Amino acid sequence: MNKWKNWKIQEILRSDDKFPNELKKLRDCPKKLYYRGAWNSKLFSKTLSIVGSRRMTRYGKEVVSKFMPELVAGKITIVSGFMYGVDSEAHRKCLEVGGKTIAILGSGLDYLTPVENGDLYTEILKNDGLVISEYEPDFQPTLWSFPQRNRIVSGLSTVGVLIIEAGIKSGSLITAKIGRKQNKNIFAVPGPITSSASIGTNWLLEHNLAKIVTDPSVLTGERKGVFEQMVIFDTSIDPQYRKILELLRQESLTIDELARGTEMNIAEISVLISQMIMKGMIEEEGGKLFTL
19 MNKWKNWKIQ EILRSDDKFP NELKKLRDCP KKLYYRGAWN SKLFSKTLSI
69 VGSRRMTRYG KEVVSKFMPE LVAGKITIVS GFMYGVDSEA HRKCLEVGGK
119 TIAILGSGLD YLTPVENGDL YTEILKNDGL VISEYEPDFQ PTLWSFPQRN
169 RIVSGLSTVG VLIIEAGIKS GSLITAKIGR KQNKNIFAVP GPITSSASIG
219 TNWLLEHNLA KIVTDPSVLT GERKGVFEQM VIFDTSIDPQ YRKILELLRQ
269 ESLTIDELAR GTEMNIAEIS VLISQMIMKG MIEEEGGKLF TL
C-alpha cells in the first residue's frame with residue numbers, strides 16, 4: 019500500500035547545474051522542484067510531452083499503443099501529467115515497452131490524484147523514471163494548479179508537445195497554447211469528425227496551430243516507418259488477409275459485414291479472422307473487428 023512513499027522526496031533548485039535547461043528558459047520557471055526517483059539529467063536530453071483527453075476513447079488508446087514502441091526505440095523520454103485518460107495511458111504504455119517516463123503532478127508528491135494511479139506511481143519510480151511537482155508535498159490540487167503545471171509539462175519538451183484527443187475547452191488546448199508561447203513544436207493527431215474527443219485536435223489542425231502527425235516516425239525522424247507500416251500494400255501478405263485489412267482500415271466491422279464485403283461465406287471468413295487475431299493483425303471487441 020502506497021509503495022511509492024518508500025521513495026524519499028528530494029529537492030532540486032533552479033540554480034543547480036542539473037536543473038533542466040529547458041525549464042530555465044521559461045520566464046516563470048519554478049525556483050525549485052520536488053521529486054521522487056533517481057534524478058538523471060539524461061532523462062531530459064530528448065523528451066516528448068504527450069497530453070490528451072481525460073475521457074480517452076478506444077481510438078486514443080490505439081494511437082498511444084501505435085506510437086509508443088517507436089518513440090521508446092528512438093530513446094525519447096515521455097513527459098505527461100499523470101491524470102486520467104491519455105496522460106496515464108502514455109505513462110503506462112511507455113513503461114510496458116521498456117521506456118522512461120516523467121510525471122508532472124498538479125498536486126504535491128504526497129497527495130495522490132487520481133487515487134487509482136498508486137501502482138502507476140510506483141512503476142514509474144521502479145523503472146528509473148521521475149515524479150515531479152513544484153508544490154509542497156502535502157499540497158492538494160486546485161482548479162488553478164493543473165493549468166499552472168502545464169507550463170512545466172510543455173516546458174520540458176525538446177521534441178515538442180503531442181496532443182492525442184482533446185475537447186474544445188480542455189487542458190490539452192491550454193497546454194498547446196502555452197507550448198506555442200514557449201516556441202515548442204506542437205503536434206496533433208487528427209481524429210474522427212464525429213467524435214467530441216477529437217474536436218480540439220482537429221480544430222488545432224484546421225487553424226494551422228499544430229503539425230499533423232499520423233505516424234510516430236514524424237517525431238523520431240525515421241520517416242521510413244510510414245512505408246514499413248503500410249501492410250495493406252505488402253505483397254507478402256496473403257491476398258485474403260489484405261482484402262480484410264483494406265475493409266477494416268476504413269471502419270470497424272462485424273463478421274457478417276466482413277463476409278458481405280469480401281463475398282466470403284461465414285465459415286471461411288471465421289477461419290481467416292481467427293488466424294489474423296492469432297497473428298496480431300486485428301483484434302475483436304464488442305462483436306466488432308479492428309485493425310491494430
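When we follow this note's numbering, the leftmost residue of the sequence shown carries the number 19, and every step to the right adds one.
Heads up, the beta-carbon is just placed ideally off N, CA and C, and yes, glycines get one too.
In this text, all values refer to a predicted model and were calculated from it rather than measured experimentally.
Which one of the options has the shortest CA to CA distance from residue i?
| i | options | result |
| --- | --- | --- |
| Lys362 | Lys199, Ile300, Lys144 and Glu29 | No answer is possible for residue 362: the residues shown for the chain start at 19 and end at 310. |
| Gly239 | Ile94, Glu80, Gly147 and Leu130 | Ile94 |
| Ile142 | Asn203, Lys21 and Leu276 | Lys21 |
| Ser190 | Asn201, Thr160 and Leu222 | Leu222 |
| Ile96 | Met282, Thr280 and Met86 | Met86 |
| Ile182 | Glu114, Ser292, Glu80 and Gly126 | Glu80 |
| Met294 | Arg278, Pro257 and Pro132 | Pro257 |
| Glu107 | Pro38, Thr280 and Tyr139 | Tyr139 |
| Pro159 | Glu264, Leu130 and Ser175 | Leu130 |
| Arg54 | Glu154, Val133 and Val82 | Glu154 |
| Trp25 | Trp57, Cys47, Pro48 and Arg45 | Trp57 |
Going by other Cβ atoms of all chains shown within 10 Å of its Cβ, with 16 needed for buried, is residue i buried or exposed?
| i | result |
| --- | --- |
| Ser67 | buried |
| Glu246 | Unreliable placement is indicated for Glu246, whose pLDDT of 39 sits below 50; the coordinate value is still reported in the next sentence. Exposed is the call here. |
| Asp146 | exposed |
| Ile204 | buried |
| Asp274 | exposed |
| Ala121 | buried |
| Met296 | exposed |
| Asp34 | exposed |
| Asp105 | buried |
| Val69 | buried |
| His225 | exposed |
Any idea what DSSP makes of residue i, helix, strand or coil?
| i | result |
| --- | --- |
| Arg45 | coil |
| Lys26 | coil |
| Val90 | helix |
| Thr238 | helix |
| Ile250 | In this predicted model, Ile250 has a pLDDT of only 43, less than 50, meaning its place in the structure is not dependable; the value taken from the coordinates is given anyway. Ile250: helix per DSSP, three-state reduction. |
| Val244 | Residue placement at Val244 is flagged as unreliable, the pLDDT there being 38, under the threshold of 50; a coordinate-derived value is accordingly withheld. |
| Gly70 | strand |
| Gly124 | coil |
| Lys36 | coil |
| Val115 | coil |
| Tyr77 | helix |
| Leu31 | strand |
| Ile230 | strand |
For residue i and residue j, which I take to be in contact (beta-carbon distance under 8 Å), what is that distance rounded to the nearest angstrom?
| i | j | result |
| --- | --- | --- |
| Ser71 | Gly185 | 6 Å |
| Thr65 | Val179 | In fact, because the Cβ distance is near 10 Å, the residues do not count as touching under 8 Å. |
| Lys50 | Ile27 | Between Ile27 and Lys50 the Cβ distance is about 12 Å, and since that is not below 8 Å, they are no contact. |
| Val207 | Thr219 | 6 Å |
Give a single yes or no on whether residue i has its beta carbon closer than 7 Å to a heavy atom of the ligand HEM.
| i | result |
| --- | --- |
| Lys23 | What this structure holds is no ligand at all, so the ligand HEM is not there to describe. |
With a threshold of 8 Å between beta-carbons, can residue i be considered close to chain B, or not?
| i | result |
| --- | --- |
| Ser33 | Structure shown: chain B not included; a single protein chain is present. |
Report task. For the region 130-206, list the alpha helix (DSSP H) runs that are entirely contained and at least 4 residues long, ordered along the chain. Result -> 136-144, 163-173 and 189-199
Query raised in the report: Taking only runs of the beta strand (DSSP E) that begin and end inside the region 263-305, which ones reach a length of at least 3 residues, in chain order?
Result: 300-303
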